[in-house]
Every structure is written in structure tokens, then in C-alpha cells.
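Undergrad:
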Amino acid sequence: MTRNGRRGWPRRRGMDDGAGAVRPGAAAGPVLRAVGLARVYGEDESAIWAVDGIDLDVPAGQMLAVMGPSGCGKSTLLQLLGGLDRPTEGEVWLGGQRIDDLGERALARMRRRCLGFVFQAYHLIDELTAAENVELPALLAGASPRTARHRTAELLDRVGLADRARHLPSQLSGGQRQRIAIARALVNKPLVVLADEPTGNLDSAATLDILRLFGELRAAGQTLVMVTHDERVAATADRVVSLRDGVPADDTALDSDTGTARLGTLLNWEN
Ligand SMILES: Nc1ncnc2c1ncn2[C@@H]1O[C@H](COP(=O)(O)OP(=O)(O)OP(=O)(O)O)[C@@H](O)[C@H]1O
Ligand SMILES: [Mg+2]
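So the mapping is simple: my numbering equals the position in the sequence shown, first residue as 1, plus 22.
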């Protein structure tokens, strides 16, 4: 989408609303913060402001759902928050550290150590077993083989796939692949898990398995930001931000107890 009535590229978004002055270094600050975040694709007349100036604070332990119509900037936002892409404007802070201006190597290290990613299409490595897929990021982050193995066994158990450790991704169902991808995302005990349409390829039963797992993660205090089209999935979050044309059109806190009850009802009803 092009920018509402605005032309010219790029423009500086003013930081005089106070948001830019806050430095989330304090332990009590949000674990993830976006300040005046914008991302432009293309230039001049064909410029698309996929993310058009977003201020967002995600407190530790929050499960945040990002919704909105196709093309409104959800994936772009998630990629910016996760340091997979660089903003045109604005800042991203993770755990009190600014990350959007890190060099490539430092950014890659930070992603490995502090973030877990879950994608709609799983993105597992086909040639590696389920266990090896989970273990790999731990080894890359410097864990000893023994620690990586131990943590992997623990996580495969947690996602209910201990008996599939030696299977290749091609020998697993979509739901099982996604559970392996979630185990992989958790292996380095990330500050934040970022999930883009984690249930987008899954049927109803597999979706409920993933929701149950996310419910457990939320109960354990894991911060999670997930993009979803599915109202049922969003209804289990603590908060729903709806994007329109690259900006939040709505930001609603859901009652956590109600969210848990909703998840319980969904699980009982569907099973
Ligand atoms: N690499 C790119 N180059 C140019 N334009 C892009 C690029 N990636 C995304 N866009 C554009 O930016 C806008 C936002 O895209 P984005 O993928 O973030 O949307 P989305 O909300 O995730 O959509 P969906 O629900 O379909 O996944 C769209 O208009 C898209 O066409
Ligand atoms: Mg998307």
C-alpha cells in the first residue's frame, strides 16, 4: 500500500512524543520494543510503506497476537522485530538492548541466543532428523553436545514427540513438523518466540495441539508474538494488535483467564 496522502521518501518520524526518549534498559521495561518502526519497499512513486510507523511494547510473559488483512505488514513487522530485516526508520529493542543497528555478526548471534522463530512452512532441514533439527541451534550457540542433547530430549518430550526423535521431517505430519519447529525455537531458551502463521498450514486438530503447546508456554512465562489469521488462535492470546496498512488500527488486551478458559472450551469442544 502507498502511504496515506504522503509523498516523499524517506521522512523522519518525530520522536518528540516521548517514546524515543525512553530507554528500556531497566529490568522492568518491556522485553521487546519497537519505536517509530517503518519499512519501505521500493522507491519514489512505487514505494510501499509495509510498516508505517509502529510503536509497540511487549512486556515479559505476554502472548501477543498480530492480526490484519493480507498485505497489511504483519510478516514485515515480525521480521523487523526479529532482526531478520532492517527498518527504514525507527528502532527495535530486545531485552534492553537496541538491536536494529547491530552489525551482521552481532545480529546473527543475538538472533540465535535470544530469539526463537516459528514459520508457517516449518523451515526444518530435510536431511536432519527431528532431534538434529532441534539440537543444531543449540550447538551453533555454543552449547556442549551433551547439553544440546539433553535439552533436545527434554523439549521433544515437552512437545510430545520423544518417540519421533530419529524421524526425518518428511516422515512427520504437518502438525508434528510444527511441533519440532517449536521445540527448535525454544532450544536456546529465547527471550521471545516469534511465530508467523504457525497454524496456517495445519488442520483443526493439529492447530489445537499447537494452541495447547502455546498455552503451556504462556503459563511458563514465555513471551510470544504470533501473526495469525485465525480468530480462534488470536482469542487465546493476552493481547491482539490489528494492523491496517502498516499501522496498528486496534490494540486490545484480552483477559488472560478468559483466554485460558477459551482455550479450554476450544479443546473440549473440538476433541
Ligand atoms: N520483499 C518485498 N519487496 C517488495 N514489497 C514487499 C516485500 N515484502 C512484502 N512486500 C509488500 O509489503 C506489504 C506487506 O507485506 P507483508 O508480507 O508484511 O504482509 P502480511 O500482512 O504478512 O500479509 P499475509 O497475511 O498475506 O502474509 C505488501 O504490500 C507486500 O506486497
Ligand atoms: Mg505474512
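Glycine included, each C-beta is placed from N, C-alpha and C at the ideal position.
#1: Can you tell me the Cα-Cα spacing of P91 and D267, whole angstroms?
#2: Looking only at its own chain, which residues have a Cβ that is under 7 Å from the Cβ of V269, when we skip the five neighbours before and after it?
#3: What is the C-beta distance between T174 and V156, in whole angstroms, given that I count them as a contact (C-beta under 8 Å)?
#4: Run the CB neighbour count on A153, radius 10 Å, all protein chains shown included, and call it buried at 16 or more, exposed below.
#5: If contacts are defined as beta-carbon pairs under 8 Å, then V88 and L99 qualify, I think. What distance do you get, rounded to the angstrom?
#6: Measuring alpha carbon to alpha carbon, tell me which residue in A56, L86 and R61 is nearest A217.
#7: Taking 7 Å as the cut-off, does the CB of K96 come closer than this to any heavy atom belonging to ligand 2?
#8: What does the Cβ neighbour count give for T274, buried or exposed, with the cut at 16 atoms within 10 Å?
#9: Under a Cβ-count criterion, where at least 16 other Cβ atoms within 10 Å of its own Cβ denotes burial, should A143 be classed as buried or exposed?
#10: Exposed or buried, Q119, counting other C-beta atoms within 10 Å across all chains shown (16 or more means buried)?
#11: Within 10 Å of its beta-carbon, does G243 have 16 or more other beta-carbons around it, so buried, or fewer, so exposed?
#12: Taking all protein chains shown into account, do 16 or more other C-beta atoms lie within 10 angstroms of the C-beta of I147, making it buried, or fewer, making it exposed?
#13: Just checking V249 against ligand 3 - is the residue's beta carbon closer than 7 Å to any of the ligand's heavy atoms?
#14: So does D123 have its beta carbon nearer than 7 Å to some heavy atom of ligand 2?
#15: For D122, I'd like the list of residues in its chain whose CB is within less than 6 Å of its CB, leaving aside the five on either flank, ordered along the chain.
#16: Within this structure, are the beta carbons of F236 and L224 separated by less than 8 Å?
#17: Report the start-end ranges of each alpha helix (DSSP H) in the region 68-135 that is 4 residues or longer and not cut off at the edges.
#18: Check whether the Cβ of D218 lies closer than 7 Å to any heavy atom of ligand 2, and answer yes or no.
#19: Taking L239 as the reference, give the member of R254, G222, L208 and T229 with the closest Cα.
#20: Per DSSP, I60 is paired with what?
#21: Please classify K96: is it buried, with 16 or more other beta-carbons within 10 angstroms of its beta-carbon, or exposed?
#22: Taking a contact to mean a Cβ-Cβ separation below 8 Å, would you say A56 touches W71 in this structure?
#23: Rounded to the nearest angstrom, how far is the Cβ of L116 from that of L54, given a contact under 8 Å?
TA: Reading it off the structure:
#1: 9 Å
#2: D74, G75 and I76
#3: 4 Å
#4: buried
#5: 7 Å
#6: L86
#7: yes
#8: exposed
#9: exposed
#10: exposed
#11: It is exposed - the Cβ of G243 has fewer than 16 other Cβ atoms within 10 Å.
#12: exposed
#13: What this structure holds is ligand 1 and ligand 2, not ligand 3.
#14: no
#15: P109, E113 and V114
#16: Contact: no.
#17: 96-103
#18: yes
#19: Ranking the options by Cα distance to L239, first place goes to L208.
#20: One detail in the question is off: residue 60 reads as Ala in this sequence, not Ile. The partner list for A60 (beta bridge, DSSP) reads D74 and E111.
#21: Here K96 is buried, its C-beta having at least 16 other C-beta atoms within 10 Å.
#22: No.
#23: 6 Å
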